[in-house]
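These notes are about the structure you will find just below.
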Amino acid sequence: MPSICLEDEDIHDMNQSPSLPIAAWAEGCYIYDTNGKEYLDGSSGPIAVNIGHGVPEVLEAMSGQAKRIVFTYRTQFASQAVLDLTAEILGTAGKRYREVVYTNSGSEATEAALRLVMHHHQAEGDTGRTAILSQIPSYHGMTAGALATSGHPGRREHLRALHDHSASVVPVAAGGSEHLLPGIAEWEAAFASVGAHRIAAVVLEPVGGAAGGAAVVPDEVFRRIEELCRASGALLVADEVMTGFGRTGAWFGHEHAGVTPDIVITGKGLSGGYTPIGACLVGDRVLPGRSAADLAFGHTMSGNPLSAATALAVLRYTREHRLAERAARTGATLRDRLATLAERFSFLGRPRGRGLLLAVPVLQHEEEFRRDPLARRICRTAQRLGLIVYPAGVSTRSQAVLVAPPLTIKENEIDELLLRLARTLDTVRTEAE
Ligand code: PLP
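Each number in my numbering corresponds to the 1-based position in the sequence shown with 1151 added.
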């Protein structure tokens, strides 16, 4: 396991750097700062703004809900917005899920998933199952339990003592395969060495994000993991915080492999960045004869009406405009064009990813990488030149630049994105000479 301790983002998460431009307004794929400078959002922020900025239908739903009622507490009142959102989520998930547990972020949704997993095994009297298998690289959230599940050395390093003590994570060492992710052999070895009877769940991103840099879990590997889970009694949990709601060209990323996770973790695209919300979709097998509503989950703001009305409008927009299909088409074109562009630069590898979750791998000598990871430099330069892209995989030494614009991006905006990216790469190369 690599011990290097670097963050993927250049910016400390909690504190906004005073050197950042101040965002003033945004529309579609463009953001403008207070000096009037225009930025093309080539990564949907942190791969969250799935339907672009300022969509009137969403703003109207938000203000309509705000005028009626913004907050009710979930144990005191039901909310029509939450009931409608749940129906929308379960309907679009193909009726394979029974319940939705709401949170305020993707990290909290991971925590809820971990607790659902533990409730499941305890209800079965199977209390020896404490191991959660995840892979390196992976990222499942910033809270302690979610970090304990993440194969992200940079972010989990300072919590090492806590994680070692809880001993609940068994990261699978990277197999060094062409996919950068563990293959069937590594997963089988992990099940054997941990002991199938000890494994509570596998948690997996269908396509890697902040840590995995758009590395795709091959369909046959995903299917084998599902088989291993079914044979051993472990639950399969798909973390679709980044990949959910059309991003990869299917409604959920796991659908490409034809697997049926027991729990699906969501966030980001659920509200397209318009408001904080996350959710877990809970499958039939997780709590037989019980409801997650009976468990002591939930935070004060979980399932608040304003977030629910917002997410409902975003999901309806995504579905009605067939944005998943559109992401599949646009993603294929963008990937080809990125490949042509990457050929011009010796420090770039072949683009990878699925739908509109794409990445261009960045190659660099070890020593230079330690001084200044090139993926970050590219993203900084891009922002200077009016393009937002996102550095990934820095802490796992599989650095890449994520290119994941809103699913609504138009053809002329793709042209502009590529133009600004080419300008960025030329500038980086010239500055390095
Ligand atoms: N899981 C994945 C796959 C993510 O990409 C992220 C965030 O980047 C999270 C979980 C955590 O979500 P949040 O930042 O909303 O807490």
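Think of the CB as a built atom: it goes at the ideal place given N, C-alpha and C, for glycine as much as any other residue.
- Cβ-Cβ distances below 6 Å link Tyr1253 to Ala1430, Ser1453 and Gly1454 in the same chain, with the five nearest sequence neighbours on each side left out; the list follows chain order.
- Rounded to whole angstroms, the Cβ separation of Ile1283 and Ala1343 is 17 Å, and the two are not in contact under 8 Å.
- For Leu1508, the enclosing beta strand (DSSP E) starts and ends at Leu1508 to Pro1512.
- At a threshold of 8 Å, Met1452 does not count as near the ligand PLP, since its beta carbon sits no closer than that to any of the ligand's heavy atoms.
- Of the candidates Leu1463, Arg1247 and Gln1515, Leu1463 places its Cα closest to the Cα of Ala1232.
- Look at Thr1261: its beta carbon is less than 8 Å from one of the heavy atoms in the ligand PLP.
- The bridge partners DSSP lists for Leu1553 are Ala1510 and Tyr1541.
- In this structure, the beta-carbon distance from Gly1193 to Val1433 does not fall below 9 Å.
- Within the chosen limit of 8 Å, the ligand PLP does not reach the beta carbon of Met1213 with any heavy atom.
- For Arg1527 against Val1545, the beta-carbon gap comes to about 7 Å, under 8 Å, which counts as contact.
- Assignment of beta-bridge partners to Glu1377 by DSSP yields no partner.
- Restricting attention to Phe1403, Trp1402 and His1272, the CA atom closest to the CA of His1348 is found in His1272.
- Beta-carbon to beta-carbon, Ile1414 and Glu1391 are separated by about 10 Å, too far to satisfy the 8 Å threshold.
- Under DSSP, Val1251 forms a beta bridge with Leu1432.
- Taking 9 Å as the cut-off, the beta carbon of Ala1366 is found no closer than this to the beta carbon of Ala1555.
- For the pair Arg1495 and Leu1569, the CB atoms are not nearer than the 9 Å cut-off.
- Set against 8 Å, the gap from the CB of Ala1299 to the closest heavy atom of the ligand PLP is not smaller.
- In this structure, the beta-carbon distance from Ile1220 to Pro1456 falls below 9 Å.
- Leu1438 carries a coil assignment under DSSP once its states are collapsed to helix, strand and coil.
- Beta-bridge partners of Leu1298 (DSSP): none assigned.
- Nearest in C-alpha terms to Gly1384, of all of Val1358, Gly1257 and Val1268, is Val1268.
- Checking the 8 Å criterion, the Cβ of Ile1198 is within range of a heavy atom belonging to the ligand PLP.
- In terms of CA proximity to Ser1170, Arg1531 leads the group Leu1499, Glu1518, Val1372 and Arg1531.
- Here Gly1363 is buried, its C-beta having at least 16 other C-beta atoms within 10 Å.
- A Cβ-Cβ distance of about 5 Å is found for the pair Glu1564 and Cys1180, placing them in contact under the 8 Å criterion.
- Between Thr1300 and Val1354, the beta carbon gap of about 5 Å places them in contact (Cβ cut-off 8 Å).
- Under the 8 Å Cβ criterion, the region 1211-1225 does not count as touching the region 1398-1414, having fewer than three qualifying pairs.
- Per the C-alpha coordinates, the member of Glu1371, Ala1297, Gly1296 and Thr1294 positioned closest to Leu1332 is Glu1371.
- The distance from the Cβ of Thr1461 to that of Val1209 is about 6 Å, consistent with a contact at the 8 Å cut-off.
- Cα atoms of Ile1198 and Ser1458: separation of roughly 19 Å, rounded to the nearest angstrom.
- With distances taken between CA atoms, Thr1451 lies nearest to Asn1255 out of Asn1255, Glu1356, Glu1262 and Ala1244.
- The closest heavy atom of the ligand PLP lies less than 8 Å from the beta carbon of Glu1356.
- DSSP lists Tyr1183 as the beta-bridge partner residues of Glu1189.
- If you look at Trp1338, you'll find it in the alpha helix (DSSP H) that goes Ile1335 to Val1345.
- For Ala1175, the enclosing beta strand (DSSP E) begins and ends at Ala1174 to Glu1178.
- Straight-line spacing of the CA atoms in Leu1236 and Glu1517 works out to 48 Å.
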